[in-house]
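Undergrad: Numbering (my numbering), first residue to last: 272 to 557.
Note that the Cβ used here is the ideal one computed from N, Cα and C, for glycine as well.
Keep in mind that this is a model prediction, so the values were computed, not measured.
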Ligand SMILES: O=C(O)CCC(=O)C(=O)O
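1. Counting beta carbon pairs with one atom in the region 463-477 and one in the region 277-296, are three or more of them shorter than 8 Å?
2. Excluding five sequence neighbours on each side, which residues of the same chain lie with their C-beta closer than 8 Å to the C-beta of residue 392?
3. Taking the beta strand (DSSP E) that residue 542 belongs to, which residues open and close that run?
4. Can you tell which of 501, 484, 300, 542 has its C-alpha closest to the C-alpha of residue 426?
5. Assuming residue 371 and residue 499 make a contact with CB atoms under 8 Å, what is their CB distance in whole Å?
6. Provide the residue span of the beta strand (DSSP E) that contains residue 335, from first to last.
7. Cβ atoms of residue 339 and residue 373: under 9 Å apart, would you say?
8. Taking C-beta to C-beta, are residue 298 and residue 333 nearer than 9 Å?
9. Going by DSSP in three states, residue 457 sits in which element: helix, strand or coil?
10. Put residue 405 into one of helix, strand or coil per three-state DSSP.
11. Using 8 Å for Cβ pairs, my map puts residue 308 next to residue 346. What's the rounded Cβ distance?
12. Look at the alpha carbon of residue 335 and the alpha carbon of residue 530, and state the distance between them as a whole number of angstroms.
13. Going along the chain, which residues of its own chain have a beta-carbon closer than 6 Å to the beta-carbon of residue 504, five neighbours each way excluded?
14. Would the C-beta of residue 397 count as close to ligand 1, meaning under 8 Å from any of its heavy atoms?
15. Determine the burial state of residue 512: buried for a count of at least 16 other Cβ atoms within 10 Å of its Cβ, exposed for fewer.
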């Protein structure tokens, strides 16, 4: 991390939108050269992974969802603490965070013959059992995702990420009796290549249908408090040796072992020290 991160703090407008709607969009966080390089990494990954999933029944027009893609190409690593996005995550969750999950979704166009099988989108909150095991209303925030969009989804028929604005404080969704109908306030998020969407894990969201001719490619980085178990294998040990202290924290290091995940010392959380040095101790929540 360096000084440039501090030029991209969470704005008041973004905080309001995150608290009220459960998400916000930041345009142009990736320059076109970076988008090109990530698209190349994405294509390489798809060429490797799609055949494995197709052997298990995935069809050519089905979306490919690969968990734990972070360690599979070095070009994915810098997004973990990307200057234009990372401090916004810190300003929402604080310093006691880690990367707990990554997944990439590649959504090819749906053949016209399949357009007729319209079904309700797969509305969900993130994190699986967390939503059932913890009894609170509303559910606790615990984590958020940053979705980096590499292709143009500025039209709403491109497999867009969909949200129900403001639904993050609702534990349940009421649906109409029509099994094809989405909730009336279902909103496709329209993005350009290089835009990022920040969303609260509790926001009810869904992948859209791609009835365009453009394959949609998006990278999702999940950040959580350090005491949460990773949601995928986090195959990132090979990045540790060259990582700076903050990156090591994000990748899951805990010099004080298990105890350091719930009662960290400064050694376990170099991000806290970095913030104290750059913002002053008083500005950093203990
Ligand atoms: O593909 C999408 O837009 C949906 C992503 C999603 O559901 C998720 O990240 O949990």
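TA: Looking at the atomic coordinates:
1. Contact check between the region 277-296 and the region 463-477: three or more CB pairs, one atom from each, fall below 8 Å, which counts as touching.
2. Here the set comprises 433, 453, 457, 477, 478, 479, 480.
3. No beta strand (DSSP E) holds residue 542; the alpha helix (DSSP H) holding it covers 541-550.
4. That would be 484, whose Cα lies nearest to the Cα of residue 426.
5. That pair is a contact at about 6 Å.
6. Element bounds for residue 335: 335-338.
7. Going by C-beta atoms, residue 373 is nearer than 9 Å to residue 339.
8. For residue 298 and residue 333, no; Cβs fall outside 9 Å.
9. Judged by DSSP in its simplified three-state form, residue 457 adopts coil rather than helix or strand.
10. Reduced to three states, the DSSP call for residue 405 is coil.
11. About 5 Å separates the beta carbon of residue 308 from that of residue 346, a gap short enough to meet the 8 Å contact definition.
12. Between residue 335 and residue 530, the alpha-carbon positions lie close to 37 Å from each other.
13. Listed in chain order, the non-local C-beta contacts of residue 504 below 6 Å within the same chain comprise 339, local neighbours out to five positions each way being set aside.
14. For ligand 1, at least one heavy atom lies less than 8 Å from the Cβ of residue 397.
15. By the neighbour-count rule (16 or more Cβ atoms within 10 Å), residue 512 is not buried but exposed.
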